[in-house]
Amino acid sequence: MSPSPTIDPTRCPACGAPNLCAVARGEDPDTCWCMVVKPDDAAPVKPAGAANQSCLCPRCLTGA
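Heads up: the sequence shown begins at 6 in our numbering, then just goes up one per residue.
This is how it looks when you write it as structure tokens:
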């Protein structure tokens, strides 16, 4: 069995770009961009290993 890949909480698990997550930077969660953005219905599903460990980036979450 191969080891699980290391999850970088500052990177989008879907595309690898910086996710700009306030929580990952140690900031107040209420200041995060994701608190005011509506996810796109077509947003990619995070890999199972990234659940509760890394956020999607704004581009992946909104489909922009």
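Cβ coordinates follow ideal geometry from the N, Cα and C atoms, glycine included.
These figures come from a predicted structure and were not determined experimentally.
CA-to-CA distance, residue j to residue i, given in whole angstroms
i	j	result
A22	R16	5 Å
K51	S59	9 Å
L25	E32	11 Å
V28	V41	15 Å
C65	C39	12 Å
Counted within 10 angstroms of its Cβ, other Cβ atoms place residue i as buried (16 or more) or exposed
i	result
P18	buried
A55	buried
C20	exposed
From the options, residue whose alpha carbon lies closest to that of residue i
i	options	result
P44	I12, T11 and T67	T67
A48	N57, C62 and C37	C62
D46	P14, I12 and A69	A69
Heavy atom of the ligand FAD within 6 Å of residue i beta-carbon
i	result
C17	The ligand FAD is not among the ligands present in this structure, which contains no ligands whatsoever.
Reduced DSSP secondary structure (H/G/I, E/B, other) of residue i
i	result
P63	helix
P23	strand
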